[in-house]
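Working notes, beginning with the structure itself.
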Amino acid sequence: MSKASVTYCLALVFILTTLSLTGYSFQQSEQKRKVWNVMDGNAKGDGITDDTEAIQATIKKASPGDTVLIPEGTFIVKTLGLVSGVNIKSEGILKQKLETSEEFSKTRQNSSHPLIRGKDVKDIHISINSSSQNEAIYLSGSKNIIIDHSSFLGDSTKLRSFAGLLFYKCENITVSHSKIQNFGTDRLYTDRYQPGTGIRILESKSITIDHSEIQHNGENGVFIHSSPGIVVRNCNISYNGMSGIQLAFGNRGLEKNYHFINNTLNFNSGDAIDINNHASKSPLPIHSLIQNNQSKGNGYVSGASTPDGSGIATLVNVSNVEVYHNIASQNNRPAIYLEGCGKIRLTGNTADNQVEIVGKLEDLSLKKNEFANITFIDNVHAERIYLDENRMNTIHLPNGIKIDSLLLSKNIFNNAALNFNLSGNLRLVENKINCSGKDPAILLVKANNAFLENNEIFSQQSIGIVVRKMAQNVEIINNTIQARNTCITDDGSPNLLIQKNKLTALQAGAYHQTLRSKNPENLRLANNEHTGKLDSPVLILEGNGTAFLESEKIISGKTNFGQVKVTKKNF
Numbered sequence: 005m006s007k008a009s010v011t012y013c014l015a016l017v018f019i020l021t022t023l024s025l026t027g028y029s030f031q032q033s034e035q036k037r038k039v040w041n042v043m044d045g046n047a048k049g050d051g052i053t054d055d056t057e058a059i060q061a062t063i064k065k066a067s068p069g070d071t072v073l074i075p076e077g078t079f080i081v082k083t084l085g086l087v088s089g090v091n092i093k094s095e096g097i098l099k100q101k102l103e104t105s106e107e108f109s110k111t112r113q114n115s116s117h118p119l120i121r122g123k124d125v126k127d128i129h130i131s132i133n134s135s136s137q138n139e140a141i142y143l144s145g146s147k148n149i150i151i152d153h154s155s156f157l158g159d160s161t162k163l164r165s166f167a168g169l170l171f172y173k174c175e176n177i178t179v180s181h182s183k184i185q186n187f188g189t190d191r192l193y194t195d196r197y198q199p200g201t202g203i204r205i206l207e208s209k210s211i212t213i214d215h216s217e218i219q220h221n222g223e224n225g226v227f228i229h230s231s232p233g234i235v236v237r238n239c240n241i242s243y244n245g246m247s248g249i250q251l252a253f254g255n256r257g258l259e260k261n262y263h264f265i266n267n268t269l270n271f272n273s274g275d276a277i278d279i280n281n282h283a284s285k286s287p288l289p290i291h292s293l294i295q296n297n298q299s300k301g302n303g304y305v306s307g308a309s310t311p312d313g314s315g316i317a318t319l320v321n322v323s324n325v326e327v328y329h330n331i332a333s334q335n336n337r338p339a340i341y342l343e344g345c346g347k348i349r350l351t352g353n354t355a356d357n358q359v360e361i362v363g364k365l366e367d368l369s370l371k372k373n374e375f376a377n378i379t380f381i382d383n384v385h386a387e388r389i390y391l392d393e394n395r396m397n398t399i400h401l402p403n404g405i406k407i408d409s410l411l412l413s414k415n416i417f418n419n420a421a422l423n424f425n426l427s428g429n430l431r432l433v434e435n436k437i438n439c440s441g442k443d444p445a446i447l448l449v450k451a452n453n454a455f456l457e458n459n460e461i462f463s464q465q466s467i468g469i470v471v472r473k474m475a476q477n478v479e480i481i482n483n484t485i486q487a488r489n490t491c492i493t494d495d496g497s498p499n500l501l502i503q504k505n506k507l508t509a510l511q512a513g514a515y516h517q518t519l520r521s522k523n524p525e526n527l528r529l530a531n532n533e534h535t536g537k538l539d540s541p542v543l544i545l546e547g548n549g550t551a552f553l554e555s556e557k558i559i560s561g562k563t564n565f566g567q568v569k570v571t572k573k574n575f
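With the working numbering, you'll find the sequence shown wraps up at 575, consecutive numbering, no jumps.
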């Protein structure tokens with residue numbers, strides 16, 4: 005044989021070998037895959053005959069890559085065991101019928117007879133219609149499972165139901181385009197609930213729930229415990245007896261990487277999303293995103309309030325959570341509840357009720373949200389709070405809280421009564437502050453440093469700004485203030501600087517004062533404009549003390565300095 009012929013033969017062998025190892029062998033593998041019809045294995049599907057053995061025998065005959073087909077009909081079964089690589093597809097209904105009844109309890113959280121059981125199995129695609137007395141599917145130690153285009157119906161009369169889908173120590177499970185409903189009766193009482201969760205995820209990881217309906221289950225829609233890497237997106241999770249989504253924590257700090265996105269969370273008896281960490285001493289960084297969810301009417305049983313019902317989320321003792329562009333209305337409890345949290349970002353959310361903050365807080369940022377109010381509860385100690393471009397009525401701050409740095413920038417307050425009595429530093433910059441009540445728009449009782457600049461303040465019924473003596477290092481610069489009776493009242497705050505403000509006393513008041521200072525302590529006024537009523541005092545200094553006035557401009561009205569020692573320049 006010539007050298008050229010040998011070379012040709014070797015090349016042909018190489019090509020044939022390559023084909024057999026790649027595309028050719030794949031085609032052969034595809035050709036060998038088989039669909040097994042359970043009717044060929046003597047299943048009846050008549051709604052009377054117990055087809056458990058016939059279907060299970062067909063599953064055992066199948067090879068990895070094969071599909072077991074359950075055609076039209078109603079197939080009575082007890083429990084079916086999964087085999088790795090063997091897919092299950094039903095066009096008919098798998099209906100569980102058991103002779104004995106079991107109930108969920110704290111000591112027994114899974115039944116002995118789920119409809120479908122998978123233990124240490126992998127690489128399975130399940131698409132079924134089912135009605136079950138216990139779990140529809142219970143997987144443990146399993147991975148690479150796809151459950152899609154399925155319907156799982158539980159027992160709506162069962163007071164202590166097992167979960168619809170139960171995953172324990174599983175990995176890489178996807179549930180999509182499926183319905184999970186009626187695992188347990190609807191919640192009966194406001195002060196307690198019955199077990200029965202739609203999807204229960206325990207000590208697992210990398211679980212995705214997508215485009216599914218999880219409704220009318222006794223407890224939570226989705227319950228997650230000690231399981232990182234969970235995604236719940238594009239789901240309708242409604243009418244469940246507790247929270248739509250609940251995240252619970254173990255003691256190993258595994259909880260991280262959660263994405264709850266584009267879900268509808270309506271009329272659950274608990275919170276829309278409940279993330280509640282009591283396991284670690286300090287806030288646990290869970291690196292999670294709550295985005296584009298919509299919620300309505302959570303926190304009620306037959307119209308009566310439960311203790312829960314946050315519209316967007318409850319966050320307790322966690323950090324590194326981003327809450328973006330969620331919408332909530334008509335929920336029982338605050339839109340967002342924060343307790344003992346670390347770094348939290350709230351951006352672009354809209355709700356008709358408030359944000360509530362309790363305990364310690366490391367770093368909170370709110371940007372471009374619309375809330376009714378923000379309410380701080382007693383004992384708040386925050387390192388940094390930043391509010392930027394939000395719209396709300398007011399902020400409720402109790403006396404004596406500690407905020408190392410509180411910055412309010414470019415917010416719109418529709419009906420403000422801002423009471424600052426805190427330890428820490430305060431900055432109000434470029435806010436629009438409207439007040440229609442009888443309390444001052446801003447009451448500054450105590451702060452280590454306070455800086456108010458470029459704000460627009462309009463107080464229809466009361467004083468614009470009141471500065472108490474305990475407020476330290478206060479600067480009020482370049483604000484526009486319109487107020488009934490008095491724009492700024494000073495009770496003797498030391499070294500108070502009021503500069504470049506436009507102060508207008510509204511004509512509706514009983515008196516027309518732009519600034520009134522009692523016993524000023526080195527008060528500094530510079531380049532302010534005062535507009536009051538002709539022949540009526542607008543700038544009043546009373547008691548004892550000292551003040552320095554430079555380039556003050558009285559548009560209308562008079563001054564009265566009493567016994568105060570005043571130094572004037574270009575006045």
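Beta carbons are placed, not taken as given, at the ideal position from N, Cα and C, and that holds for glycine.
Taking 8 Å as the cut-off, does the region 308 to 315 touch the region 279 to 286 (at least 3 CB pairs, one atom from each stretch)?
Short answer: they don't touch.
Quick check on DSSP: helix, strand or coil for A509?
Locating residue 509 in the sequence shown gives position 505, where the first residue counts as 1. Here A509 sits in strand by DSSP.
My guess is that N1 and A376 are in contact by the Cβ rule of under 8 Å, so how many angstroms apart are they, rounded?
Since the first and last residues shown for the chain are 5 and 575, residue 1 lies out of range.
Reference P289; option with closest CA among G307, N297, L206 and D367
Within the sequence shown, residue 289 is the residue found at index 285, counting from 1. Answer by Cα proximity: D367.
On the DSSP bridge assignment, give the partners of H263 in chain order.
Numbered from 1 along the sequence shown, position 259 holds the residue referred to as residue 263. Answer is V235 and L293, bridged to H263.
C-beta atoms of L448 and S497 nearer than 9 Å:
Your numbering for residue 448 matches position 444 in the sequence shown. Your numbering for residue 497 matches position 493 in the sequence shown. Contact: yes.
Three-state secondary structure (DSSP) at E57?
The residue given as residue 57 occupies position 53 in the sequence shown. In this structure, E57 counts as helix in the three-state DSSP scheme.
Is the region 377 to 386 in contact with the region 399 to 406, if contact means three or more CB pairs nearer than 8 Å?
Output reads yes: the region 399 to 406 touches the region 377 to 386.
By Cβ distance, which residues of its chain are closer than 7 Å to F565, with the 5 residues on each side in sequence left out?
Numbered from 1 along the sequence shown, position 561 holds the residue referred to as residue 565. Within the same chain, and ignoring the five residues on either side of F565 in sequence, the residues whose Cβ sits closer than 7 Å to its Cβ are L545.
At the level of alpha carbons, what is the spacing between Y193 and N133?
Looking up residue 193 in the sequence shown gives position 189. Looking up residue 133 in the sequence shown gives position 129. Going from the Cα of Y193 to the Cα of N133 covers about 31 Å.
Spatial distance of G89 from D44 (CA atoms):
As a first step, residue 89 must be located in the sequence shown, where it is residue number 85. As a first step, residue 44 must be located in the sequence shown, where it is residue number 40. Going by the C-alpha atoms only, they are around 20 Å apart.
Could you tell me which whole beta strand (DSSP E) segments of length 3 or greater appear in the region 161 to 247?
Secondary structure within the region 161 to 247: the beta strand (DSSP E) runs of 3 or more consecutive residues, fully enclosed, are 169 to 172, 175 to 180, 183 to 185, 203 to 206, 209 to 214, 217 to 219, 226 to 229, 234 to 237 and 240 to 242 (chain order).
By the three-class DSSP mapping on this structure, what secondary structure does M396 have?
Against the sequence shown, residue 396 aligns to sequence position 392. Three-state DSSP puts M396 in a strand.
If you measure between the beta carbons of I150 and I177, is that distance less than 9 Å?
For the purposes of this step, residue 150 is taken as the residue at position 146 of the sequence shown. For the purposes of this step, residue 177 is taken as the residue at position 173 of the sequence shown. Less than 9 Å divides the Cβ of I150 from the Cβ of I177.
Can you list, in chain order, the residues of its chain whose CB lies under 6 Å from that of S154, leaving out five sequence neighbours each side?
For the purposes of this step, residue 154 is taken as the residue at position 150 of the sequence shown. Closer than 6 Å at the Cβ level, and outside the excluded window around S154, lie S131, I132 and S182.
How close, in whole Å, do the beta carbons of S135 and K82 come, if the pair is a contact with beta carbons under 8 Å?
In the sequence shown, the residue the question calls residue 135 occupies position 131. In the sequence shown, the residue the question calls residue 82 occupies position 78. About 13 Å separates the two Cβ atoms, so there is no contact after all.
Rounding to the nearest angstrom, what Cα-Cα distance links F417 and E434 in this structure?
If you number the sequence shown from 1, residue 417 lands on position 413. If you number the sequence shown from 1, residue 434 lands on position 430. Answer to the nearest angstrom: the Cα atoms are 11 Å apart.
In chain order, what residues of the same chain lie with their CB nearer than 6 Å to the CB of N482, ignoring the 5 residues before and after it?
Counting from one through the sequence shown, the residue named residue 482 turns up at place 478. Closer than 6 Å at the Cβ level, and outside the excluded window around N482, lie E457, N458 and K504.
Assign F575 to one of two classes, buried (16 or more other C-beta atoms within 10 Å of its C-beta) or exposed (fewer than that).
Counted from its first residue, the sequence shown places residue 575 at position 571. Under a 10 Å Cβ-count criterion, F575 is classified as exposed, with fewer than 16 other Cβ atoms of the shown protein chains found around its own Cβ.
May I ask you to list the residues that DSSP assigns as paired with K123?
Counted from its first residue, the sequence shown places residue 123 at position 119. Bridge partners of K123: S144.
From the DSSP output, which residues share a beta bridge with Y515?
Translated into positions along the sequence shown, residue 515 becomes position 511. Partner(s): none; Y515 has no beta bridge.
So the candidates are I128, L163 and E57; which of them puts its Cα closest to the Cα of K147?
Here residue 147 corresponds to residue number 143 of the sequence shown, with the count starting at 1. Looking at the Cα atoms, I128 is the closest of the given residues.
Beta-carbon spacing of L432, S413 below 9 Å
If you number the sequence shown from 1, residue 432 lands on position 428. If you number the sequence shown from 1, residue 413 lands on position 409. It is a contact, given that the beta carbons lie within the stated cut-off.
Cα separation between R337 and G352?
Here residue 337 refers to the residue found at position 333 of the sequence shown. Here residue 352 refers to the residue found at position 348 of the sequence shown. For R337 and G352, the distance between alpha carbons rounds to 20 Å.
If we call anything under 9 Å between Cβ atoms a contact, is L426 one with I407?
Counted from its first residue, the sequence shown places residue 426 at position 422. Counted from its first residue, the sequence shown places residue 407 at position 403. Against a cut-off of 9 Å, the Cβ pair of I407 and L426 comes out as a contact.
Taking 9 Å as the cut-off, decide whether the C-beta atoms of I437 and I467 are in contact.
As a first step, residue 437 must be located in the sequence shown, where it is residue number 433. As a first step, residue 467 must be located in the sequence shown, where it is residue number 463. For the 9 Å CB-CB criterion, I437 and I467 do not form a contact.
Are S560 and G536 closer than 9 Å when you measure CB to CB?
To locate residue 560, count along the sequence shown from 1; it is residue 556. To locate residue 536, count along the sequence shown from 1; it is residue 532. Taking 9 Å as the cut-off, the beta carbon of S560 is found closer than this to the beta carbon of G536.
Tell me which residue opens and which closes the beta strand (DSSP E) that G307 is part of.
Translated into the one-based positions of the sequence shown, residue 307 becomes position 303. In the DSSP annotation of this structure, G307 is not part of any beta strand (DSSP E), being labelled neither H nor E.
Would you identify the three-state DSSP class for E65, choosing helix, strand or coil?
Taking the sequence shown and counting its residues from 1, one reaches residue 65 at position 61. Glu is not the amino acid found at residue 65; the sequence shown has Lys there. For K65, the three-state secondary structure derived from DSSP is helix.
Can you round the beta-carbon distance between G202 and V226 to whole angstroms, since I take them to be within the 8 Å contact cut?
What you label residue 202 is simply residue 198 of the sequence shown in a count that begins at 1. What you label residue 226 is simply residue 222 of the sequence shown in a count that begins at 1. Distance from G202 to V226 at the Cβ level is roughly 6 Å; contact confirmed, criterion being Cβ atoms closer than 8 Å.
Here's a check: name, in chain order, each residue in its chain whose Cβ is nearer than 7 Å to the Cβ of R488, leaving out the five neighbours to either side.
Start at 1 with the first residue of the sequence shown, and residue 488 comes out as number 484. These residues qualify, in order along the chain: S463, Q464, Q465, S466, L510, A512 and G513.
Along the chain, where does the beta strand (DSSP E) containing F380 start, and where does it finish?
Sequence index remark: in the sequence shown, residue 380 carries index 376 (1-based). Under the DSSP assignment, F380 falls in the beta strand (DSSP E) whose first and last residues are N377 to F380.
What does DSSP give as the partner residues of P541 in its beta bridges?
On the sequence shown, position 537 is the one that residue 541 refers to. P541 pairs with K562.
Where G254 falls: helix, strand or coil (DSSP)
Translated into positions along the sequence shown, residue 254 becomes position 250. In the three-state reduction of the DSSP assignment, G254 falls in the coil class, being assigned neither a helical nor a strand state.
To the nearest angstrom, report how far apart T70 and N46 are at their CA atoms.
Here the question's residue 70 lines up with position 66 in the sequence shown. Here the question's residue 46 lines up with position 42 in the sequence shown. It is Asp, not Thr, that sits at residue 70 in the sequence shown. Rounded to the nearest whole angstrom, the CA to CA distance from D70 to N46 is 19 Å.
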